[in-house]
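In what follows, a single structure is set out as structure tokens and then discussed.
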Amino acid sequence: MVIQSNKKSTFGCIQFVNRSMAFPSAKLTIDIDIARFELYKHYLVATIHEGVIFDTPHLQKFHKIFDEYYKDRPFGYISNRLNDYTINPTCYIETKKYDSKVVGMATLCYSDVTFQNATFAERFFDWPHQAFYTMDECVGWIQILLKKAGL
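Each residue of the sequence shown is one higher than the last, beginning at -3 in the working numbering.
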């Protein structure tokens, strides 16, 4: 079921989507031109679309979502590497302004190559980062970090 919102947003049309019963329902699902975000109270799952060449302008779209939905509280970030896309590692410099808000980043990997890429990316962040092969592991690890942060 997809319901289009009338809410005005700086990142375009927002769609609300029900998630499968196998995983807790997302508070809100946002589709933008480059990714889908599933927002929960204290963390989000981002799935970048196939073929995107991710750079600073794309990261700025992510930051708008972070600022709108996690403005005054820490949150965890889960990168769902379901699709094949490229990230310019120099855009990670722009993530520094979220160092005090992001409790950690988990990357859901579907192959050894994506696992190796995620492990390589760890060096670009000042917050904890870990690669996993299941969503349950990602969510569990983020929940541990949230608990340590008092959430």
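Note that the Cβ used here is the ideal one computed from N, Cα and C, for glycine as well.
Keep in mind the model is a prediction, meaning the values are calculated, not measured.
Query, Result
"Quick check on the DSSP output: the alpha helix (DSSP H) that includes Y65 runs from which residue to which?", "52 to 65"
"Mark G72 as exposed unless 16 or more other C-beta atoms lie within 10 angstroms of its C-beta, in which case mark it buried.", "buried"
"Just the C-alpha distance for Y65 and L24, rounded to the nearest angstrom, thanks.", "10 Å"
"According to DSSP, simplified to helix, strand and coil, what is R69?", "coil"
"Could you tell me the alpha carbon to alpha carbon distance between M17 and V135, rounded to whole angstroms?", "Reliability of the predicted coordinates at M17 is poor, the pLDDT of 33 falling under 50, and no value is obtained from them."
"Using DSSP bridges, identify the partner residues of G35.", "For clarity, residue 35 is Leu in the given sequence; the question names Gly instead. Paired residue(s): L24, L40."
"Between the segment 118 to 125 and the segment 80 to 95, do at least 3 Cβ pairs fall closer than 8 Å?", "yes"
"Can you look up L142 in the DSSP assignment and give me helix, strand or coil?", "helix"
"What are the boundary residues of the alpha helix (DSSP H) that R109 is part of?", "Looking at the sequence itself, residue 109 is Val, so the reference to Arg does not match. Segment 108 to 117, the alpha helix (DSSP H) holding V109."
"Exposed or buried, which one is V148 when buried takes at least 16 other CB atoms within 10 Å?", "Residue 148 falls outside the range modelled here, since the chain spans only -3 to 147, and no answer is possible."
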